[in-house]
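Per our numbering, residue 40 is the first one in the sequence shown, and the count goes up by one each step.
For each residue, glycine too, the CB sits at the ideal point set by N, CA and C.
Please read these numbers as outputs of a predicted model, since none were measured by experiment.
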Amino acid sequence: MKFFRRFFNKFFVIGFITILISVIIDLSINDCIIKMIIVNLSNTIGIALLIGSIFDFSKNSNDFMDFVSSILKDIIVSKNFLKGLEDKEKKKALEMVLTPSGNQLEQCSDIQMYFQRKIDETMEIFHTNFKTNLVVNAEIRKLDGIVQTFVTLTYRVYKIEDKYFPLITTFEKEDCNVEKSYIISPEGVKEISEKDITPTDEDISPINVKTYSYEIPEELYKYPYLTIKKTVIEKGYNHWTNFHWNTLTPTDGITFTLKCYDGLHIKEYFIFDSEEFYNVTEADDKTSIDIISTLWLDKHSGFVFTVSDTE
Numbered sequence: 040m041k042f043f044r045r046f047f048n049k050f051f052v053i054g055f056i057t058i059l060i061s062v063i064i065d066l067s068i069n070d071c072i073i074k075m076i077i078v079n080l081s082n083t084i085g086i087a088l089l090i091g092s093i094f095d096f097s098k099n100s101n102d103f104m105d106f107v108s109s110i111l112k113d114i115i116v117s118k119n120f121l122k123g124l125e126d127k128e129k130k131k132a133l134e135m136v137l138t139p140s141g142n143q144l145e146q147c148s149d150i151q152m153y154f155q156r157k158i159d160e161t162m163e164i165f166h167t168n169f170k171t172n173l174v175v176n177a178e179i180r181k182l183d184g185i186v187q188t189f190v191t192l193t194y195r196v197y198k199i200e201d202k203y204f205p206l207i208t209t210f211e212k213e214d215c216n217v218e219k220s221y222i223i224s225p226e227g228v229k230e231i232s233e234k235d236i237t238p239t240d241e242d243i244s245p246i247n248v249k250t251y252s253y254e255i256p257e258e259l260y261k262y263p264y265l266t267i268k269k270t271v272i273e274k275g276y277n278h279w280t281n282f283h284w285n286t287l288t289p290t291d292g293i294t295f296t297l298k299c300y301d302g303l304h305i306k307e308y309f310i311f312d313s314e315e316f317y318n319v320t321e322a323d324d325k326t327s328i329d330i331i332s333t334l335w336l337d338k339h340s341g342f343v344f345t346v347s348d349t350e
């Protein structure tokens, strides 16, 4: 009964009666200008009142509002709608969704800054370089009385926003360097000459490091991805070394192998991420270790090893 009262409100009844009166006048009175004016005006007013009462009923109907809300939600979360948003609009959408609860804000008002940092990091994904097919092979030997690490790594880089990011290599010590670098494309293998590698002061690591950069030639931009190969030498000390490796960009998994020779063995190692991300196999005699991950890893993921010839 309440439903019918809300639907058949006074405006609905007045509108219906007004239309009914216009019909009666139209059928009972001969044609004249006054009749036409009254009939048309009554019809217009009656229809307007009927439509207005229907909208008023819809506006105050929970079922109707739920129906409209459901349609709007489907539109907003649809792929095409979200894909059409500009970066600023996507960020605003994230800020509305990823917001701390009232309880979290009561416990720590600064937690909003943490949420904002996560949002900023998420938005960087659209403009962030990354690598795949990462393979790192390291051998630690004693050469000329110095413990030295010889590293060969290969990986694949991709174009971001129709261009390649510079190739970056960092070292913690001054007496470390890139021996050889190659770009492998469908055109063949291109060796990067030493004169093309330039030092840079760009702050790309949380620690103080020596950084080198190489710009990929624009003639290679026509390829969707390139394979990079580097050979690196890091020098340690007379009996030991700390070999530290990390990725400067997000990477889709890693296959890492470290082997020790000349009486050297792994004293200890540390993984910067959770060890649950990796499958670690260490030899019983501590002379080799394999670390494999098939997960996406954040930038600055990596490992550090202490290698020595002493027990």
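Query	Result
Element boundaries [beta strand (DSSP E), containing residue 177]	170–182
Residues bridged to residue 227 [DSSP beta-bridge criterion]	224
Separation of residue 124 from residue 363, as counted between CA atoms	Because the chain here runs from 40 to 350, residue 363 falls outside it and cannot be looked at.
Paired residues, beta bridge with residue 156 - DSSP	DSSP output for residue 156 lists no bridge partner at all.
Residues that residue 219 bridges to, as DSSP identifies them	270
Beta-carbon proximity check, residue 282 vs residue 188, cutoff 8 Å	yes
Outcome for residue 148 when other beta-carbon atoms lying within 10 angstroms are tallied against a minimum of 16	exposed
Buried or exposed (CB count within 10 angstroms, at least 16 for buried), residue 349	exposed
Simplified DSSP assignment, three categories, for residue 166	helix
Three-state class that DSSP yields for residue 128 in the structure shown	helix
For residue 339 and residue 324, believed in contact at Cβ under 8 Å, the rounded distance	That pair is no contact at about 31 Å.
Where residue 140 falls, given that 16 or more other Cβ within 10 Å makes a residue buried	exposed
Secondary structure of residue 201, DSSP reduced to three states	coil
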